[in-house]
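Numbering (the numbering used here), first residue to last: 3 to 364.
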């Protein structure tokens with residue numbers, strides 16, 4: 003079963019490509035150009051490498067901050083973006099290849115100036131020495147392994163007591179907000195791992211209040227886990243496409259953590275049902291117009307009702323009103339709480355409609 007968050011991110015990135023065989027001139031060879039880890043920091047970083055190899059625990063991960071993403075020729079003829087990070091504790095340089103960037107491997111630039119946990123996996127012998135004659139090394143890290151450790155613990159807890167995991171209130175911090183006509187999504191940091199949430203799970207969506215007006219980078223918010231799915235990267239459709247194209251991808255097990263913020267928000271359902279039962283007149287917004295299908299009015303976040311307008315009405319809305327979300331006063335005739343739909347009489351337009359110039363008057 004594919005995680006909708008993971009697939010959604012891959013869909014967004016379909017037109018972006020990682021370079022595998024490149025004729026680009028000036029792309030540096032990784033071993034030559036990568037910053038070597040200072041001799042005085044080698045022991046510190048190497049100890050974390052030894053520890054994570056002995057025990058997969060969050061205590062053996064390091065906090066690191068993304069610094070830059072650049073193309074490197076990692077071996078002859080193979081060019082890919084590589085994320086450079088700094089260990090938070092001592093600024094030691096650590097590099098993360100795309101194949102080790104975890105669930106966000108298509109967007110390594112999202113980690114720039116973001117704080118996440120990484121595992122130290124490899125010391126590459128640079129084949130050079132510093133001024134004091136010490137052997138030089140390049141440290142490689144893995145966001146994928148850190149995600150595996152952190153999310154794996156959540157998965158194990160879910161197996162033991164799913165209700166306890168689902169009912170626990172948690173705090174996340176927004177690291178990215180994507181708000182496009184076709185895709186609305188946030189990324190957020192939790193316990194050092196980056197998780198994702200579709201807009202429909204972040205708030206009761208409304209056309210009059212886009213996601214970028216509700217969520218912002220750095221925002222801390224409560225959430226709950228709804229499910230955790232154990233899967234393989236290779237089984238995800240987007241990964242399969244990248245593999246077929248010869249791109250660098252993560253492989254192996256992953257834990258897809260599904261989340262929601264909705265339990266912490268007041269549902270609009272009771273308000274809509276109350277207005278219907280009381281026969282109230284209230285304000286809605288035109289969100290869709292079609293010459294055949296008619297008018298659709300948003301009467302509450304997530305609620306679309308077919309707008310019924312008297313044939314004798316001297317005011318005629320248009321597509322322009324759907325674009326501008328023209329307010330209307332409505333009276334609910336019928337509602338369906340399961341589908342969040344219904345019928346609403348349009349009684350009046352408190353501010354009129356959007357004026358569309360008559361081409362014959364131009």
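Ideal Cβ placement from N, Cα and C applies to all residues, glycine included.
The continuous beta strand (DSSP E) containing residue 227 extends over residues 222 to 234. For residue 53, the uninterrupted alpha helix (DSSP H) run begins and ends at 41 to 56, by DSSP.
Taking the CA atoms as reference points, residue 47 sits about 15 Å from residue 56. Residue pairing from DSSP places residue 142 in a beta bridge opposite 97, 124. Taking C-beta separations shorter than 8 Å and ignoring five residues to either side along the sequence, the partners of residue 285 in its chain run 329, 330, 331, 332, 352, following chain order.
For residue 292, the pairing in a beta bridge is given by DSSP as 296. The DSSP-derived three-state label of residue 189 is strand.
Rounded to whole angstroms, the Cβ separation of residue 96 and residue 120 is 6 Å, and the two are in contact under 8 Å.
Put simply, the backbone Cα of residue 208 is about 55 Å away from that of residue 41. If you draw a 10 Å sphere on the C-beta of residue 146, you find 16 or more other C-beta atoms in it, and that means buried. In the structure shown, residue 171 falls within a coil segment according to DSSP collapsed to helix, strand and coil. Per the coordinates, the alpha-carbon of residue 130 lies some 25 Å from the alpha-carbon of residue 100.
Bounds of the beta strand (DSSP E) holding residue 349 are 343 to 350. Where residue 69 is concerned, there is no enclosing alpha helix (DSSP H), although the beta strand (DSSP E) around it starts and stops at 64 to 77. With contacts defined by Cβ atoms closer than 8 Å, residue 315 and residue 291 do not form a contacting pair. DSSP places residue 33 within a helical segment (H, G or I) once states are collapsed to three. The beta carbon of residue 335 sits closer than 8 Å to those of 310, 344, 345, 346, 347, all from its chain and outside the five residues before and after it, given in chain order. In this structure, residue 274 keeps its C-beta atom at 8 Å or more from the C-beta atom of residue 289.
Here residue 282 is exposed, its C-beta having fewer than 16 other C-beta atoms within 10 Å.
Rounded to the nearest angstrom, the gap between the Cα atoms of residue 28 and residue 105 is 29 Å. Secondary structure of residue 91 (DSSP, three-state): coil. If you ignore the 5 residues before and after residue 180, its C-beta comes within less than 6 Å of the C-beta of 187, all in its own chain and listed in chain order. In this structure, residue 225 sits near residue 261, with a CB-CB distance shorter than 8 Å.
Around the beta-carbon of residue 150, 16 or more other beta-carbon atoms lie within 10 Å, marking it buried. In this structure, residue 218 sits away from residue 303, with a CB-CB distance that is not shorter than 8 Å.
With 16 or more other CB atoms across the displayed protein chains lying within 10 angstroms of its CB, residue 177 is buried.
Excluding the 5 residues flanking it on each side, residue 139 has same chain C-beta neighbours closer than 7 Å at 38, 39, 44, 125, 126, 127, 128, in chain order. The Cβ atoms of residue 251 and residue 241 lie closer than 8 Å to each other.
Each residue's CA atom was taken as its position, placing residue 254 and residue 51 some 20 Å apart. Of the candidates 236, 267, 75, 221, the residue whose Cα lies closest to the Cα of residue 32 is 75. Residue 220 counts as exposed, since fewer than 16 other beta carbons sit within 10 angstroms of its beta carbon. Cβ-Cβ distances below 7 Å link residue 160 to 167, 230 in the same chain, with the five nearest sequence neighbours on each side left out; the list follows chain order.
Distances from the CA of residue 34 to each of 340, 189, 77, 342 were compared; the closest alpha carbon is that of 77. In the structure shown, residue 287 adopts extended strand secondary structure according to DSSP, grouped into three states. Checking the DSSP bridge columns, you'll see residue 199 partnered with 188. Relative to residue 93, the option among 84, 66, 118 whose CA is nearest is 66.
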